[in-house]
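Participant: Read top to bottom, the protein sequences are chains A and B. Heads up, the first sequence stops at 336 in my numbering, and the numbers go up one at a time, no gaps. Heads up, the second sequence stops at 382 in my numbering, and the numbers go up one at a time, no gaps.
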Amino acid sequence: MELITAMKRAAVGDTLELLSSDQGSAKDVPEWVRKVGHEMERTEQDDAKVWHLFVKKAK
Amino acid sequence: MRIVVVGGGMAGTIFANNVARRLTSELRSGKARLTMLTASDKHIYQPGWLYVALGRMTPDQLEREQASLLEPEIKLHVDPVKSFDLGAKHVVTASGKVHEYDILVIATGSRPAAEDVPGLKENSFHCYSAEDALKLYDRLSAFNGGRIVVTVGLPHKCPMIPLEITFTMHDYFRDRGLLDKTEFYYTYPIGRLHSLENVALWANGEFAERGIHQETFFNMKEVDGSKAVVRSEEGSEIAYDLLVSVPPHRGQKVIEENSLGANGWIPTDRHSLHMQGDHGDSVIVLGDTTNLPISKAGSTAHFEAEVAAENVATRVKIGREVRSYDGKVFCFIEAGKDRATYAMFNYQKPPQPRAPNAAMHAFKMAYNQLYWASVRGLL
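(1) Which stretch, first to last residue, makes up the beta strand (DSSP E) that contains residue 328 (chain A)?
(2) Tell me the DSSP secondary structure of residue 36 (chain B) in three-state form.
(3) Could you give the uninterrupted runs of the beta strand (DSSP E) lying entirely in the stretch 39 to 121 of chain B, keeping only those of 3 residues or more?
(4) Over the uninterrupted beta strand (DSSP E) stretch that includes residue 224 (chain B), give me the two end residues.
(5) Compare the C-beta of residue 220 (chain B) against all C-beta atoms of chain A and say whether one is closer than 8 Å.
(6) Flag this pair as yes or no: are the beta carbons of residue 254 (chain B) and residue 303 (chain B) separated by less than 8 Å?
(7) What are the complete beta strand (DSSP E) segments, minimum 3 residues, inside the stretch 184 to 250 of chain B?
(8) Quick check on the DSSP output: the beta strand (DSSP E) that includes residue 8 (chain B) runs from which residue to which?
(9) Output the boundary residues of the beta strand (DSSP E) element that contains residue 324 (chain B).
(10) Any beta carbon of chain B sitting closer than 8 Å to that of residue 301 (chain A)?
(11) Could you check how far apart the C-beta atoms of residue 287 (chain A) and residue 293 (chain A) are, in whole angstroms? I think they sit under 8 Å.
(12) Since residue 38 (chain B) and residue 7 (chain B) should fall inside the 8 Å C-beta cutoff, what is the C-beta to C-beta distance between them, to a whole number of angstroms?
(13) Smallest Cα separation from residue 316 (chain A): which of A:326, A:285, A:290?
(14) Rounded to a whole number of angstroms, what is the C-alpha to C-alpha distance between residue 162 (chain B) and residue 263 (chain B)?
(15) Alpha carbon to alpha carbon, what distance is there between residue 177 (chain B) and residue 239 (chain B)?
(16) Report the residue from B:189, B:236, B:232 whose alpha carbon sits nearest the alpha carbon of residue 213 (chain B).
(17) Are the Cβ atoms of residue 82 (chain B) and residue 96 (chain B) separated by less than 8 Å?
(18) Are there 16 or more other CB atoms within 10 angstroms of the CB of residue 102 (chain B), so buried, or fewer, so exposed?
(19) Look up residue 297 (chain A) in the DSSP assignment and give the residues it is bridged to.
(20) Please classify residue 315 (chain B) as buried or exposed, where buried requires at least 16 neighbouring CB atoms within 10 angstroms.
(21) Can you check whether the C-beta of residue 237 (chain B) is within less than 8 Å of a C-beta belonging to chain A?
(22) Determine, for residue 282 (chain A), whether the minimum Cβ-Cβ distance to residues of chain B falls below 8 Å.
(23) Between the Cα of residue 152 (chain B) and those of B:118, B:89, B:234, B:179, spot the shortest distance and give me the residue it belongs to.
(24) Whole angstroms is fine: what's the gap from residue 71 (chain B)'s alpha carbon to residue 90 (chain B)'s?
(25) Using a Cβ cut-off of 8 Å (strictly closer), state whether residue 312 (chain A) contacts chain B.
(26) Going by C-alpha to C-alpha distance, which of B:54, B:23, B:32 sits closest to residue 383 (chain B)?
(27) Decide if the stretch 108 to 126 of chain B is in contact with the stretch 225 to 233 of chain B; the criterion is three or more beta carbon pairs, one per stretch, under 8 Å apart.
(28) Judging by CA-CA distance, which residue of A:282, A:278, A:314, A:285 is the nearest neighbour of residue 303 (chain A)?
(29) Could you have a look at residue 345 (chain B) and say whether DSSP puts it in helix, strand or coil?
(30) Skipping 5 residues on each side, what residues in its chain have a beta carbon closer than 8 Å to that of residue 336 (chain B)?
(31) If you follow the beta strand (DSSP E) that residue 151 (chain B) is part of, which residue opens it and which one closes it?
(32) By Cβ distance below 7 Å, which residues in the same chain neighbour residue 261 (chain B) in space, the five residues on each side in sequence not counted?
(33) Which class does residue 277 (chain B) belong to by DSSP, given the choice of helix, strand or coil?
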């Protein structure tokens, strides 16, 4: 939800990094990004099990 | 020590009363001074608007004189702040009065911004003010069947309201014998029924039992009143007979006008609750006004206010702060007109909602009255 809110404020071409400890985010965020038409750049999980999801605003 | 509280809502009032109780002798002797600057002489119990929308409470039951709720050592001014000078450590109010501070607490809250979605304000009903809740009641009582669509904007105040308004409306139409003519269509911005995963899992079972339709990944783009449809950023379109919305929210305009935070949300440290940046040591942010990615809820405001009050009191007494906010939130969840459950969680522990029951609903109804003791810092 934080990503959706932040995306509204971002400019086209901006890349946002979402940090989430929620397992569901790693699955749901790429699905939402695909539906809306933004671009999923990459997804990483760090040693502390926190997901880092990089999303580029495409429109 | 001059302590100035900006905002007389739940966070500001609980904070001020809690500090006043901890620093009674310091305030009486003049060693400390506690001032509240607020926009209204009334205090509203906002969670009650849900019941107004269902015809179970009236707005006057949710309102008290702000002055009647405050400890006598608190200097109340119904004179809202217009500008902040964090470098010079003072604020200026609408009347032009300058208030200098050593510690500033900003708790100005949030406001629904239905106008951020084209067509939403004109074509939907919600319960984010007494007036709007009464309009929703009028619409519900005149509704004789059709499709009710629930739409949810981001961010919003009270994370449970999308589910609560759906469940309570469902019971309302069951009582009126209109359930077979009424279709419930619930939408939500992410890929499940609620932001909290365990709450979403619980809600799934309730939705299945009641036959409530759901569409996830639905972020409102616009409402076309002439065709009675709501469209999403994700490309879908839903026709409605009655559109019940949870509008997107913003922080107060004065926060945006003073460039304290984008959309009125002030960058805040999640543990100390101090404002981030150069002036953070003397500025605390509470309740909806923070930019923290946690529930914008009265309970959040309450628990944050208690932590901040203890810290400000110890700062006066022993020169240091002693507590850290752990993200504690306790939200009731009304699962209908006579059943409820709850979600209690913090930054580390997710909620584990249990099956709703009548006792938890009775507790919620009791809390609606106990609030007036809670806001005085007695509970």
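Glycine included, C-beta positions come from ideal geometry on N, C-alpha and C.
Facilitator: Answer, in terms of the structure:
(1) 328 to 333
(2) In the three-state scheme derived from DSSP, where H, G and I count as helix and E and B as strand, residue 36 (chain B) is classed as strand.
(3) 45 to 47, 66 to 68, 78 to 81, 84 to 88, 93 to 96, 101 to 103, 106 to 109, 113 to 115
(4) 223 to 227
(5) yes
(6) no
(7) 185 to 190, 216 to 218, 223 to 227, 232 to 235, 240 to 242, 245 to 249
(8) 5 to 9
(9) Residue 324 (chain B) -> no beta strand (DSSP E), and no H or E assigned at all.
(10) yes
(11) Residue 287 (chain A) to residue 293 (chain A), Cβ: 6 Å. Contact.
(12) The Cβ separation is near 5 Å, so the contact holds.
(13) A:290
(14) 24 Å
(15) 29 Å
(16) B:189
(17) yes
(18) Counting the other CB atoms within 10 Å of its CB gives residue 102 (chain B) a total of 16 or more, which places it among the buried residues.
(19) Residue pairing of residue 297 (chain A) in beta bridges, as defined by DSSP: A:328.
(20) buried
(21) yes
(22) yes
(23) Ranked by Cα distance from residue 152 (chain B), the options B:118, B:89, B:234, B:179 are led by B:234.
(24) 34 Å
(25) For residue 312 (chain A), at least one C-beta of chain B is nearer than 8 Å to its own C-beta.
(26) It is not possible to answer for residue 383 (chain B), since the shown part of chain B is limited to 4 through 382.
(27) yes
(28) Nearest neighbour of residue 303 (chain A) by Cα position, chosen from A:282, A:278, A:314, A:285, turns out to be A:278.
(29) strand
(30) 163, 166, 167, 202, 343, 344, 345, 346, 356, 359
(31) Start and end: 149 to 155.
(32) 86, 87
(33) strand
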